[in-house]
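*Asks:*
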Amino acid sequence: MAALRVTSRLANTLRGVNQPSHTAGIATATVMKTKVGTVKMNKASKEGVRKEQDTFGELDVPNSKYYGAQTVRSVMNFPIGGSNERMPLPVIKAFGVLKKAAAEVNKEFGLDPKVAQVISQAADEVISGQLYEEHFPLVIWQTGSGTQSNMNTNEVIANRAIEILGGELGSKSPVHPNDHVNKSQSSNDTYPTAMHIATAVEIHNTLLPGLEALHKAIDDKAKEFKDIIKIGRTHTQDATPLTLGQEFGGYAQQIAFGIDRVKACLPRVYMLAAGGTAVGTGLNTRIGFAEKVADKVSELTGLPFVTAPNKFEALAAHDAMVEVSGALNVLACSIMKIANDIRFLASGPRCGLGELSLPENEPGSSIMPGKVNPTQCEAITMVAAQVMGNHVAVTVGGSNGHFELNVFKPMMVANVLRSIRLLGDSCHAFVNNCVVGIEANEERIHKLLHESLMLVTALNPHIGYDKAAKIAKTAHKEGSTLKATALKLGYLTEEQFNEWDTRQRQEMKLMH
Numbered sequence: 001m002a003a004l005r006v007t008s009r010l011a012n013t014l015r016g017v018n019q020p021s022h023t024a025g026i027a028t029a030t031v032m033k034t035k036v037g038t039v040k041m042n043k044a045s046k047e048g049v050r051k052e053q054d055t056f057g058e059l060d061v062p063n064s065k066y067y068g069a070q071t072v073r074s075v076m077n078f079p080i081g082g083s084n085e086r087m088p089l090p091v092i093k094a095f096g097v098l099k100k101a102a103a104e105v106n107k108e109f110g111l112d113p114k115v116a117q118v119i120s121q122a123a124d125e126v127i128s129g130q131l132y133e134e135h136f137p138l139v140i141w142q143t144g145s146g147t148q149s150n151m152n153t154n155e156v157i158a159n160r161a162i163e164i165l166g167g168e169l170g171s172k173s174p175v176h177p178n179d180h181v182n183k184s185q186s187s188n189d190t191y192p193t194a195m196h197i198a199t200a201v202e203i204h205n206t207l208l209p210g211l212e213a214l215h216k217a218i219d220d221k222a223k224e225f226k227d228i229i230k231i232g233r234t235h236t237q238d239a240t241p242l243t244l245g246q247e248f249g250g251y252a253q254q255i256a257f258g259i260d261r262v263k264a265c266l267p268r269v270y271m272l273a274a275g276g277t278a279v280g281t282g283l284n285t286r287i288g289f290a291e292k293v294a295d296k297v298s299e300l301t302g303l304p305f306v307t308a309p310n311k312f313e314a315l316a317a318h319d320a321m322v323e324v325s326g327a328l329n330v331l332a333c334s335i336m337k338i339a340n341d342i343r344f345l346a347s348g349p350r351c352g353l354g355e356l357s358l359p360e361n362e363p364g365s366s367i368m369p370g371k372v373n374p375t376q377c378e379a380i381t382m383v384a385a386q387v388m389g390n391h392v393a394v395t396v397g398g399s400n401g402h403f404e405l406n407v408f409k410p411m412m413v414a415n416v417l418r419s420i421r422l423l424g425d426s427c428h429a430f431v432n433n434c435v436v437g438i439e440a441n442e443e444r445i446h447k448l449l450h451e452s453l454m455l456v457t458a459l460n461p462h463i464g465y466d467k468a469a470k471i472a473k474t475a476h477k478e479g480s481t482l483k484a485t486a487l488k489l490g491y492l493t494e495e496q497f498n499e500w501d502t503r504q505r506q507e508m509k510l511m512h
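Residue numbers (the UniProt record's numbering): 1 to 512.
1. In its own chain, which residues sit with a C-beta less than 7 Å from the C-beta of D291, not counting the 5 before and 5 after it?
2. Can you have a look at R350 and say buried or exposed, based on whether 16 or more other CB atoms are within 10 angstroms of its CB?
3. Is it buried or exposed, T502, if we count other Cβ atoms within 10 angstroms and call 16 or more buried?
4. How is K371 classed by DSSP in three states: helix, strand or coil?
5. Using a threshold of 7 Å, state whether the C-beta atoms of I140 and E202 are closer than that.
6. Quick check: the stretch 271 to 290 against the stretch 173 to 180, are there 3 or more CB pairs under 8 Å?
7. Take the Cβ of residue 527 as the centre, count every other Cβ of all protein chains shown within 10 Å, and call the residue buried at 16 or more, exposed below.
8. For S45, count neighbouring C-beta atoms within 10 Å of its own C-beta (all shown protein chains included) and say buried if the count is 16 or more, exposed if not.
9. Which of the three DSSP states is assigned to A317 in this structure?
10. For the 8 Å Cβ check, are there 3 or more pairs between the stretch 246 to 254 and the stretch 464 to 477?
11. Measuring only the C-alpha atoms, how far is A198 from S187?
12. Using a Cβ-Cβ cut-off of 6 Å (strictly less than) and excluding sequence neighbours within five positions of E439, which residues of its own chain qualify?
13. Per DSSP, E439 forms a beta bridge with which residues?
14. Given a cut-off of 7 Å on the beta-carbon distance, is the pair A273 and A314 in contact?
15. Going by the C-beta, is D238 closer than 6 Å to any heavy atom of the ligand SAH?
16. Look at the alpha carbon of A24 and the alpha carbon of N361, and state the distance between them as a whole number of angstroms.
17. Measuring CB atoms only, is the stretch 229 to 236 touching the stretch 265 to 282, in the sense that at least three cross pairs come out at less than 8 Å?
18. Hey, how far is the Cα of G245 from the Cα of D219?
19. Give a yes or no on contact between the stretch 207 to 221 and the stretch 119 to 139, applying the rule of three or more CB pairs nearer than 8 Å.
20. Tell me the DSSP secondary structure of N406 in three-state form.
21. Who are the near neighbours of V396 in its chain, counting only those whose CB is closer than 8 Å to its CB and skipping five residues on each side?
22. Using CA atoms only, rank isn't needed, just tell me which of Y270, T301, S334 and L345 is closest to P309.
23. Are there 16 or more other CB atoms within 10 angstroms of the CB of N18, so buried, or fewer, so exposed?
24. According to DSSP, P192 sits in a beta bridge with which residue or residues?
25. Run through DSSP, which three-state label would M87 get?
26. Less than 7 Å between the C-beta atoms of C265 and A327, yes or no?
27. So, at 8 Å on beta carbons, what are the nonlocal neighbours of I164 in its own chain, with the 5 sequence-adjacent residues on each side left out?
28. Once DSSP output is grouped into helix, strand and coil, what is the label at residue 516?
29. How big is the Cα-Cα spacing for G348 and I229?
30. Would G258 and S334 qualify as a contact pair, given that the criterion is a beta-carbon distance under 7 Å?
31. Less than 7 Å between C-beta atoms, sequence neighbours within five positions excluded: which residues of the same chain meet that for A475?
32. Tell me the rounded alpha-carbon separation between T143 and K65.
33. Let me check understanding here. Comparing Cα to Cα, which of L169, A94, A103 and G210 lies closest to Y191?
34. Could you tell me which uninterrupted alpha helix (DSSP H) segments, each at least 4 residues in length, are contained entirely in the stretch 123 to 157, listed from first to last along the chain?
35. Determine which residues share a DSSP beta bridge with M271 and list them.
36. Can you give me the Cβ contacts of L111 inside the same chain, cut-off strictly under 6 Å, excluding the 5 residues immediately before and after it?
Okay, structure coming up:
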């Protein structure tokens, strides 16, 4: 089934074609350092601060920021990793979708329509990504439930809504971050919901287009090379012949199966935890809230989200994320094999296998003039290695759901999203800068084919294994051809050799 595409205006925003990297750095203005319980910001003196408070007390918040005290406290408590470790943009956009959906559903259950409307309006700005750089400073290394990022979103939406209504930032009136924006929700069900929304959207918008482009490009090469007979290799040693098209056809099938595996994971990713609240019982929600929110998220994104059938599983375990990561890991294995084969087949140009020529994109050496390297193969195999490493982290995180809540959520979704982005981007680069420009060096392929001793395998049915082995070993020892050796040993006539050799070539061309 063709991959679903986001269709609504709001969902188009989720694509974020020109969005900043989801690991973009924290703006300098938001860097905070702690000193005896106070927060100092390097622009605070210029822009002024306001007082906001949470249940632990009062803190200074820059007047230009929509976040509040809980976000400030998180920055104070988790100065880990620096600007490259921010909560991924797709997660923040997904939170915007969820908060918009919840506000519209809560309106049906009695939330003031004016409050619901302004929450929805502010959530649209979160979804657009325009508030990300300045108002979402938190890193993934925080509470494992993602509570601080849920509150970061609640505070930003509440304060932006207050501003739209002409109120005072930080007043929590007429829009309260907990009572209104987070109504009928808990961090324990909102964060896993955002995880699933972000992952599904990125799979459709980033991963699948890259994989489909790679599959088509390799499959096109398989068709282009269908009549080129070459020597096969097993154990890195000469083996029996096949066509170059058959070799590339194997690569294309690997990617096709990889696409199938990713799509097979999606039904579990489409299941949302929203409505489970703290431990999965749905405390403080109304009957029907979970189903309505899932329907609304589906409407906003154009993807078939549903409410999770068991909220206890949805909060306590993230097997769906581990499953997706596993499918990405298989793709990484496939890509590692394919890219390595291509660069080894293109090794040379004079002293390697030299069966393929790759596009020459940039100089390859600062010391060896004229050297050109298989850089696209190197880049995508590094991506594959990173994806494999990410999967280990996701696996560890998924196995650590203790009792009613898994508390490795931010790390898990960050690694899955990074793998998705890296694979999607690298597939496009590999296609555009390598695969489409691959050329077969037919003269070299023909030379290696006819120097191979393994062509003797075609004689097995006619003269038996032992005599065929004798021909191969003698030819290797004496440096002669298989044909000359076979005739010298008297095992067959020239006419028989030519007939059986021709038959083998015809059979190979039929096997596409």
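For every residue, glycine included, the Cβ atom is placed at its ideal position computed from N, Cα and C.
Given the structure is predicted, the values throughout are model-derived calculations rather than measurements.
*Replies:* Quick look at the numbers:
1. It is Glu, not Asp, that sits at residue 291 in the sequence shown. Excluding residues within five positions, the ones whose Cβ falls inside 7 Å are T307.
2. exposed
3. exposed
4. coil
5. no
6. no
7. Summary: the structure shown does not reach residue 527, with the chain confined to residues 1 through 512, and so no result is reported for it.
8. The predicted model places S45 with a pLDDT of 44, which falls under 50 and marks its position as unreliable, so this point remains unresolved.
9. coil
10. no
11. 16 Å
12. S357
13. S357
14. yes
15. Looking at this structure, you won't find the ligand SAH or any other ligand, since it has none at all.
16. Bear in mind that the predicted position of A24 carries a pLDDT of just 31, short of 50, making it unreliable; the figure below should be weighed with that in mind. So the two alpha carbons sit approximately 28 Å from each other.
17. no
18. 9 Å
19. no
20. strand
21. F408
22. Y270
23. Caution is warranted here: a pLDDT of 41 is assigned to N18, below 50, making its placement in the model unreliable, and the coordinate value is therefore given only provisionally. Exposed, since its Cβ has fewer than 16 Cβ neighbours within 10 Å.
24. Per DSSP, none; premise fails for P192.
25. coil
26. yes
27. V118, Q121 and A122
28. With the chain represented from 1 up to 512, any question about residue 516 goes unanswered, as that position is not in the structure.
29. 20 Å
30. yes
31. L453, T481, L482 and T485
32. 22 Å
33. A94
34. 132 to 135
35. V306
36. none
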